[in-house]
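Chains as they are written, first to last, in my numbering: chain E, 1 to 253; chain U, 254 to 506.
Even for Gly, the Cβ is constructed at its ideal location relative to N, Cα and C.
Below is one structure, written out as structure tokens, with a few remarks after it.
There are 2 protein chains.
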Amino acid sequence: MNNYKLTIQYDGGRYKGWQRLGNGENTIQGKIENVLSEMVGEKIEIIGSGRTDAGVHALAQTANFKISDNLAEADIKIYLNKYLPQDISVTEVTLVPERFHARYNATDKTYLYKIWNEAHINPFMRKYSMHIEKKLDITTMEKAAKHFIGEHDFTAFSNAKSKKKSMVRKIHSIDIEENSGFIEIRVRGNGFLYNMVRKMVGTLINVGLGEIQADAIPDILHSKERNHAGFADACGLYLEKIDFRDWETWRRN
Amino acid sequence: MNNYKLTIQYDGGRYKGWQRLGNGENTIQGKIENVLSEMVGEKIEIIGSGRTDAGVHALAQTANFKISDNLAEADIKIYLNKYLPQDISVTEVTLVPERFHARYNATDKTYLYKIWNEAHINPFMRKYSMHIEKKLDITTMEKAAKHFIGEHDFTAFSNAKSKKKSMVRKIHSIDIEENSGFIEIRVRGNGFLYNMVRKMVGTLINVGLGEIQADAIPDILHSKERNHAGFADACGLYLEKIDFRDWETWRRN
Numbered sequence: 001m002n003n004y005k006l007t008i009q010y011d012g013g014r015y016k017g018w019q020r021l022g023n024g025e026n027t028i029q030g031k032i033e034n035v036l037s038e039m040v041g042e043k044i045e046i047i048g049s050g051r052t053d054a055g056v057h058a059l060a061q062t063a064n065f066k067i068s069d070n071l072a073e074a075d076i077k078i079y080l081n082k083y084l085p086q087d088i089s090v091t092e093v094t095l096v097p098e099r100f101h102a103r104y105n106a107t108d109k110t111y112l113y114k115i116w117n118e119a120h121i122n123p124f125m126r127k128y129s130m131h132i133e134k135k136l137d138i139t140t141m142e143k144a145a146k147h148f149i150g151e152h153d154f155t156a157f158s159n160a161k162s163k164k165k166s167m168v169r170k171i172h173s174i175d176i177e178e179n180s181g182f183i184e185i186r187v188r189g190n191g192f193l194y195n196m197v198r199k200m201v202g203t204l205i206n207v208g209l210g211e212i213q214a215d216a217i218p219d220i221l222h223s224k225e226r227n228h229a230g231f232a233d234a235c236g237l238y239l240e241k242i243d244f245r246d247w248e249t250w251r252r253n
Numbered sequence: 254m255n256n257y258k259l260t261i262q263y264d265g266g267r268y269k270g271w272q273r274l275g276n277g278e279n280t281i282q283g284k285i286e287n288v289l290s291e292m293v294g295e296k297i298e299i300i301g302s303g304r305t306d307a308g309v310h311a312l313a314q315t316a317n318f319k320i321s322d323n324l325a326e327a328d329i330k331i332y333l334n335k336y337l338p339q340d341i342s343v344t345e346v347t348l349v350p351e352r353f354h355a356r357y358n359a360t361d362k363t364y365l366y367k368i369w370n371e372a373h374i375n376p377f378m379r380k381y382s383m384h385i386e387k388k389l390d391i392t393t394m395e396k397a398a399k400h401f402i403g404e405h406d407f408t409a410f411s412n413a414k415s416k417k418k419s420m421v422r423k424i425h426s427i428d429i430e431e432n433s434g435f436i437e438i439r440v441r442g443n444g445f446l447y448n449m450v451r452k453m454v455g456t457l458i459n460v461g462l463g464e465i466q467a468d469a470i471p472d473i474l475h476s477k478e479r480n481h482a483g484f485a486d487a488c489g490l491y492l493e494k495i496d497f498r499d500w501e502t503w504r505r506n
């Protein structure tokens with residue numbers, strides 16, 4: 001079997017998220033599978049590295065799928081981009097070793113959150129950022145963000161629908177940058193629970209607005225109660241990058 | 254009478270352009286006039302510095318209107334942004350001398366054109382840039398652009414609907430910049446005919462694609478024939494800035 005890795009960008013605005021739910025549901029996985037199945041003439045399933053929620057975007061989601069046909073990477077890319085809707089774009093197609101698995105082999109994920117922090121609405125970014133009118137105190141948000149770094153039980157920052165065996169995840173870094181009216185929060189970790197980034201960012205926003213103290217984060221983590229965290233809009237969130245351990249050796253094999 | 258100047262940003266995607274056409278038409282001028290008329294309780298007309306076509310955006314369109322009420326600038330801004338649709342945003346309201354006229358006193362205008370010049374679609378900018386898959390030759394485009402600088406009869410780069418007395422306009426500068434997949438073309442001049450920027454940019458694109466020579470521009474200008482120029486999509490065009498002569502003295506008076 002030939003195993004292909006896809007790198008995908010999408011505007012998640014009109015989709016019910018990444019994961020295919022039923023045949024009629026509007027999902028990104030479903031759209032891509034339909035086009036691939038048309039291409040090879042049989043039903044194709046793709047494995048995504050992570051599931052994004054309804055309305056969440058991706059700058060570089062990755063996925064893989066296996067087919068018996070030996071197709072050129074460039075031809076698959078052209079076919080997909082020709083038949084996919086304009087809000088989904090395949091930026092890379094790479095032939096990978098058969099054992100490569102987009103979910104199991106993903107080691108780290110980076111999410112980017114965009115906040116538009118001016119009094120007036122930004123007409124061009126209104127669907128691609130969360131609008132917070134009141135100026136956020138970034139220094140305090142950075143102080144609060146430090147409490148998330150490291151390994152923690154993130155139950156308090158998850159959705160009740162999370163049914164993972166372990167709620168422990170490791171956050172490697174959180175960077176907050178101001179950039180001409182925007183505040184960009186970049187979170188890198190080894191994995192994320194359902195809604196986890198939006199709850200972390202929502203809580204950082206509450207800190208930035210002065211509604212809670214930066215030092216309240218450890219207490220919220222320890223409480224394991226879901227009603228203390230904030231919740232940021234889906235439209236500001238982007239899955240930015242998936243890391244694979246020793247990606248270069250995957251390519252060489 | 255109190256004369257107020259507005260600075261306005263808009264996503265022109267769903268509008269039939271700036272200029273009010275009838276009462277039922279979906280125009281930016283119409284939307285703003287409706288909200289202002291509601292605010293003061295009488296019919297208000299606003300004067301825009303320039304008319305943007307259907308689908309064209311603005312980063313800083315300006316306009317002025319006169320009312321007998323003496324309202325605080327901040328209150329007008331809050332009211333407008335509260336009741337205008339989310340794709341129109343008022344970024345500044347300034348009380349100006351009664352003789353200030355947004356159209357007559359505008360000396361120069363700057364338009365920005367965004368081209369997305371990668372093979373794949375950009376899902377986030379598909380409504381805010383023109384997608385050209387084939388790599389454009391920027392050096393040749395810059396050479397061609399130089400021919401537009403100065404005072405010329407722009408009949409060949411206008412729409413047949415243009416019914417101006419003079420078709421002569423002066424272009425001060427054209428800058429072309431590459432920026433992470435985008436090519437941005439910035440055109441500054443003392444005035445523009447209907448469709449003129451889109452026809453200039455469309456022709457520069459033809460040059461960049463190697464379809465016509467950079468040195469063909471003077472011939473097209475001299476021909477005064479409208480069928481030689483290219484025509485770029487409305488969605489890539491932004492009215493970026495309006496200059497007023499001695500703006501600081503307007504503010505001081």
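**Item:** chain U contact residues for E:S129, given Cβ-Cβ distances below 9 Å
**Value:** Mapped onto the first sequence, residue 129 of chain E falls at position 129. Here the premise fails: no neighbours, minimum Cβ distance about 11 Å.
### Query
For U:N334 and chain E, any beta-carbon pair shorter than 8 Å?
Numbered from its first residue, the second sequence carries residue 334 of chain U at position 81. So yes, U:N334 belongs to the interface.
Q | CB contact check: E:Q86 to chain B, cutoff 8 Å | A | The question asks about chain B, but that chain is absent: this structure's protein chains are E and U.
query: For the ligand SAM, is there a heavy atom less than 7 Å away from the beta-carbon of E:N2?
result: This structure lacks the ligand SAM, and indeed carries no ligand of any kind.
### Query
Using a Cβ-Cβ distance under 8 Å, would U:H225 count as near chain E?
In this structure chain U extends from 254 to 506, so residue 225 of chain U is not present and cannot be described.
*Would E:N122 be called buried (16 or more neighbouring beta carbons within 10 Å of its own) or exposed?*
As a first step, residue 122 of chain E must be located in the first sequence, where it is residue number 122. By the 10 Å Cβ count, E:N122 comes out buried.
TODO: Using a threshold of 8 Å, state whether the C-beta atoms of U:I438 and U:L457 are closer than that.
DONE: Start at 1 with the first residue of the second sequence, and residue 438 of chain U comes out as number 185. Start at 1 with the first residue of the second sequence, and residue 457 of chain U comes out as number 204. Taking 8 Å as the Cβ cut-off, U:I438 and U:L457 qualify as a contacting pair.
Could you check which residue in E:I115, E:Y104 and E:T249 has the C-alpha nearest to that of E:D137?
Your numbering for residue 137 of chain E matches position 137 in the first sequence. Considering only alpha carbons, the answer is E:I115.
- prompt: Is U:R267 helix, strand or coil when you go by DSSP?
  reply: As a working note, residue 267 of chain U is residue 14 in the second sequence. In this structure, U:R267 counts as helix in the three-state DSSP scheme.
For this session: Go through the segment 456-484 of chain U residue by residue and report every complete run of the alpha helix (DSSP H) that reaches 4 residues or more, in order.
Result: 469-476
Close-in-space but distant-in-sequence residues of the same chain around U:Y263 (CB under 8 Å, 5 per side omitted)
Stepping through the second sequence from its first residue, residue 263 of chain U is reached at position 10. Cβ neighbours of U:Y263 beyond the five flanking positions: I281, H310, A311, Q314, D340, I341 and S342.
Interface flag, U:Y257 vs chain E, CB-CB below 8 Å: Numbered from its first residue, the second sequence carries residue 257 of chain U at position 4. With 8 Å as the cut-off, U:Y257 does not count as an interface residue toward chain E.
- Query: Is it right to say U:K417 is buried, meaning 16 or more other beta carbons lie within 10 angstroms of its own, or is it exposed?
  - Reply: Taking the first residue of the second sequence as position 1, residue 417 of chain U is located at position 164. Exposed.
For this session: Take the Cβ of U:G403 as the centre, count every other Cβ of all protein chains shown within 10 Å, and call the residue buried at 16 or more, exposed below.
Result: By 1-based counting over the second sequence, the position of residue 403 of chain U is 150. The residue in question, U:G403, is exposed, as its Cβ has fewer than 16 Cβ neighbours within 10 Å.
Less than 8 Å between the beta carbons of E:N206 and E:N159, yes or no?
Within the first sequence, numbered from 1, the residue matching residue 206 of chain E stands at position 206. Within the first sequence, numbered from 1, the residue matching residue 159 of chain E stands at position 159. Against a cut-off of 8 Å, the Cβ pair of E:N159 and E:N206 comes out as no contact.
**Asked** Going along chain E, which residues have a C-beta under 8 Å from U:S342?
**Response** Counting from one through the second sequence, the residue named residue 342 of chain U turns up at place 89. The contacting residues are H120, I121, N122 and P123.
**Report entry** Identity of the residues DSSP links to E:V96 by a beta bridge
**Finding:** In the first sequence, residue 96 of chain E corresponds to position 96, counting from 1. Paired residue(s): E:N3.
> At what residues does the beta strand (DSSP E) containing U:Q282 begin and finish?
Replying inline: Residue mapping note: residue 282 of chain U aligns to position 29 of the second sequence, counting from 1. It is not in any beta strand (DSSP E) - U:Q282 instead sits in the alpha helix (DSSP H) that spans I281 to V293.
Q: Using a Cβ cut-off of 8 Å (strictly closer), state whether U:D322 contacts chain E.
A: For the purposes of this step, residue 322 of chain U is identified with residue 69 of the second sequence, where counting begins at 1. Answer no: the Cβ-Cβ gap between U:D322 and chain E never drops below 8 Å.
Quiz item: U:Y336 to U:E351, Cα distance in whole Å?
Solution: Counting from 1 along the second sequence, the entry for residue 336 of chain U is found at position 83. Counting from 1 along the second sequence, the entry for residue 351 of chain U is found at position 98. Cα to Cα, U:Y336 sits roughly 26 Å from U:E351.
So is U:Q262 in contact with chain E if we call contact Cβ pairs under 8 Å? As a position in the second sequence, residue 262 of chain U is number 9, starting the count at 1. Yes - at least one Cβ of chain E is within 8 Å of the one on U:Q262.
- Query: What is the residue span of the beta strand (DSSP E) that U:A359 lies within?
  - Reply: Counting from one through the second sequence, the residue named residue 359 of chain U turns up at place 106. It spans A359 to W369 - the beta strand (DSSP E) in which U:A359 sits, taken as one unbroken run.
Practice problem: Give a yes or no on whether the C-beta atoms belonging to U:F445 and U:R479 are separated by under 8 Å. | Solution: Here residue 445 of chain U refers to the residue found at position 192 of the second sequence. Here residue 479 of chain U refers to the residue found at position 226 of the second sequence. Contact: no.
Starting from the beta carbon of E:R14, find every residue of chain U whose beta carbon is closer than 9 Å, and list them in chain order. Taking the first residue of the first sequence as 1, we reach residue 14 of chain E at position 14. In chain order: nothing, as chain U lies at least about 11 Å away.
N-terminal and C-terminal residue of the alpha helix (DSSP H) that U:Y336 is part of
Against the second sequence, residue 336 of chain U aligns to sequence position 83. Segment E326 to Y336, the alpha helix (DSSP H) holding U:Y336.
task = Determine, using beta carbons only, whether U:G277 and U:R304 come nearer to each other than 8 Å.
result = As a position in the second sequence, residue 277 of chain U is number 24, starting the count at 1. As a position in the second sequence, residue 304 of chain U is number 51, starting the count at 1. Not in contact: U:G277 and U:R304 (Cβ atoms no closer than 8 Å).
- Closest to E:S223 by CA distance: which of E:T155, E:E73 and E:T91 is it? As a working mapping, residue 223 of chain E is identified with position 223 in the first sequence. Ranking the options by Cα distance to E:S223, first place goes to E:T155.
Strictly below 9 Å CB to CB, what residues from chain U border E:R186? Counting from 1 along the first sequence, the entry for residue 186 of chain E is found at position 186. Those within 9 Å of E:R186 in chain U number zero; the least Cβ separation is about 17 Å.
Just checking: is the beta-carbon of E:I126 within a distance shorter than 8 Å of some beta-carbon in chain U? In the first sequence, counting from the first residue as 1, residue 126 of chain E sits at position 126. The displayed chain sequence assigns Arg, not Ile, to residue 126 of chain E. Output row for E:R126: interface = yes.
Classify U:S302: buried if its beta carbon has 16 or more other beta carbons within 10 angstroms, exposed otherwise. Along the second sequence, read from residue 1 onward, the residue named residue 302 of chain U stands at position 49. Its Cβ being crowded by 16 or more others within 10 Å, U:S302 is buried.
Checklist entry - Helix, strand or coil: how does DSSP classify E:M125 here? => result Taking the first residue of the first sequence as position 1, residue 125 of chain E is located at position 125. Here E:M125 sits in coil by DSSP.
Exercise for review: Look at U:I317 and U:F497 and say whether their C-beta atoms are less than 8 Å apart.
Suggested key: Counted from its first residue, the second sequence places residue 317 of chain U at position 64. Counted from its first residue, the second sequence places residue 497 of chain U at position 244. First, the amino acid is wrong: residue 317 of chain U is Asn here, not Ile. No, these two residues do not count as a Cβ contact at 8 Å.
State the DSSP-derived secondary structure class of E:M167, mapped to helix, strand or coil. Within the first sequence, the letter at position 167 stands for residue 167 of chain E. Coil.
Of the residues U:T260, U:V288 and U:R451, the one placed nearest U:P338, counting alpha carbons only: Numbered from its first residue, the second sequence carries residue 338 of chain U at position 85. The shortest Cα separation from U:P338 among U:T260, U:V288 and U:R451 belongs to U:V288.
| Per-residue DSSP class, three states only, for E:V56 | Here the question's residue 56 of chain E lines up with position 56 in the first sequence. Three-state DSSP puts E:V56 in coil, outside helix and strand.
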